[in-house]
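In mature numbering (1 follows the signal peptide of the UniProt record, and there is no 0), the protein residues as written are -29 to -1, 1 to 403. Just so you know, even glycine gets a beta-carbon here, dropped at the ideal spot from N, CA and C. Scroll down for the structure; my scribbles are underneath it.
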C-alpha cells in the first residue's frame, strides 16, 4: 500500500473530531467466502447496500430502487464467474433513515444477520463513515462513494501515513469543489465577500476548516457565523451576519430541507447574493423544485450528468443512456446519484473479477491496485490522493427555470475549468 503525506493537519483534526461516538459493533463477520458468507456454498454472493432512503437526506437515495433493480436484472443474466465457480448475486438493501447511528446498526445487521460478503454504501459522511467503520472492525470488504474524501478519510481518524485494511472509497475532494466554486465566482462581478452556511456535521466541519484559507489566497473573504445544528428553523443570525458583511457570494453545505428554510427566510429578510454556490442541498431536482421559483439561478457542484463522456463497464450504457433509462423507468428527472450508485456495482464487479476469488483479503488486495473505467469516470486507486481513495471529476452547474419544458428546472454546466473533457452549455448568470 502506498503511503502519502497529507498536507492539511488542521482539517484532519477538525474532521477527525466528528467521528467520535460512532457505533462500532465488533463481531465475527463473515467476509467473502467465509462460513457465514453467502458465497461459502459456492453459489451465492450477498452484497449489502446502505444509503439514506428516508429522512432529511432522502434525496440522495432517490435513484436506489432503479439502480438496484437494474443490477438485480443484470446479475440474473450475468452470474459472476470467479475461480471457476458461477455465483448468483443477492443484493440486500438497508435504509439508514438519515441517521449515522442507524447506519452503523444496519451495517452490523448485514454482516451478522444477512451474511453480507461485500458492503456498498453511498451519500454523505454521515452514512459512509459509520458503514466503513463497521466493515473495518469486522474485516468485511467495503466500497463507498458520494462523500468528499477528506471527511471520509480524516473523519474516520486517519492521519498522516495511515491506511485502512478493508474499506475503499471513490469521490472528489474539497480541493476540487474549491476550484469549481471559485471558477464560478470569477464569472460574476462581486465584491469578493462570501457568506458561509456550514452545519455542525462531518461535511460542515471539513468545509469550514479548509475553505477560508484556500479561497483567501485568491482575494475572497468568508464570513462564518459559526456552525449551526441540522434542523435549525431560524436563520436570522446567519442572514444578519451576511447582510452586515455585504456578502455577495453565498456558499455552504446544508442538507436540503435546511437550505429551503434558509433561502425562504433570506428572501423575506432582503438578503440577495449575486451568486449562490451551495453543495448537498441543490444537487437534486426534487430539492430544487421544493424551493420554488426563487431557485432559478442557484448553483452547485456537479458530480455526474448525462453529458459526462463515460460509459458503464457492466451494461455498456453511456451516461446519457443511463439517465434516459432512469427517466423512462421512473417518470422522474435524472438525478446525480444515479451514476455513482451504478458505479458502486461496477467497482464491486471489477474488484471481484480482478481477485478471481471469493476470499475477502484477495478482494481488498485487488481494490488497492484497481483501475477501472466507469460511468462516472476513470478510477485509479494507485494514484491517491491518499491510500484507499480514488478521485472522480467535478464540474459546476446552475439551475435554470424552463418555460414549458419537460421539467421545471434544468441543470446547466457552467464550469469545467478542472475537466474540459466535460462540455459546458453556458456561463454563470447573476442572481436577481
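{"Check": "Can the beta-carbon of residue 142 be found closer than 8 Å to that of residue 118?", "Outcome": "yes"}
{"Check": "May I have the straight-line CA-CA distance separating residue 106 from residue 112, to the nearest angstrom?", "Outcome": "7 Å"}
{"Check": "Do residue 359 and residue 455 count as a contact pair if the criterion is CB distance below 8 Å?", "Outcome": "No information on residue 455 is available, as it lies outside the stretch -29 to 403 that the chain covers here."}
{"Check": "With which residues is residue 15 paired in a DSSP beta bridge?", "Outcome": "59"}
{"Check": "Within a Cβ cutoff of 7 Å, which residues of the same chain sit near residue 234, ignoring the five residues on either side of it in sequence?", "Outcome": "262 and 265"}
{"Check": "List the residues that DSSP assigns as beta-bridge partners of residue 51.", "Outcome": "58"}
{"Check": "By alpha-carbon positions, which one of 354, 16 and 27 ends up nearest to residue 257?", "Outcome": "27"}
{"Check": "Out of 343, 369 and 367, state which residue places its alpha-carbon closest to the alpha-carbon of residue 361.", "Outcome": "343"}
{"Check": "On the three-state DSSP scale, how would you describe residue 351?", "Outcome": "strand"}
{"Check": "Three or more beta-carbon pairs under 8 Å between the region 156 to 174 and the region 186 to 194, yes or no?", "Outcome": "yes"}
{"Check": "Does DSSP put residue 197 in a helix, in a strand, or in coil?", "Outcome": "coil"}
{"Check": "Anyone know if the C-beta pair for residue 61 and residue 17 falls short of 8 Å?", "Outcome": "yes"}
{"Check": "Can you tell which of 346, 309, 377 and 376 has the C-alpha that lies nearest to the C-alpha of residue 37?", "Outcome": "309"}
{"Check": "Run the CB neighbour count on residue 100, radius 10 Å, all protein chains shown included, and call it buried at 16 or more, exposed below.", "Outcome": "buried"}
{"Check": "Considering only residues of the same chain and omitting the five flanking positions on each side of residue 277, which have a CB-CB separation below 7 Å?", "Outcome": "290, 291, 294 and 305"}
{"Check": "Would you call the region 394 to 402 and the region 268 to 283 touching, i.e. three or more CB-CB distances under 8 Å?", "Outcome": "yes"}
{"Check": "Relative to the C-alpha of residue 201, which residue among 232, 372 and 219 is closest?", "Outcome": "232"}
{"Check": "Quick one: what's got a C-beta closer than 6 Å to residue 404's C-beta in the same chain, skipping five residues either side?", "Outcome": "A query on residue 404 cannot be resolved here, the shown segment of the chain reaching from -29 to 403 and no further."}
{"Check": "Return helix, strand or coil for residue 140, following the three-state DSSP convention.", "Outcome": "strand"}
{"Check": "So, helix, strand or coil for residue 73, using DSSP?", "Outcome": "helix"}
{"Check": "Where does residue 385 sit, in a helix, a strand or coil, going by DSSP?", "Outcome": "strand"}
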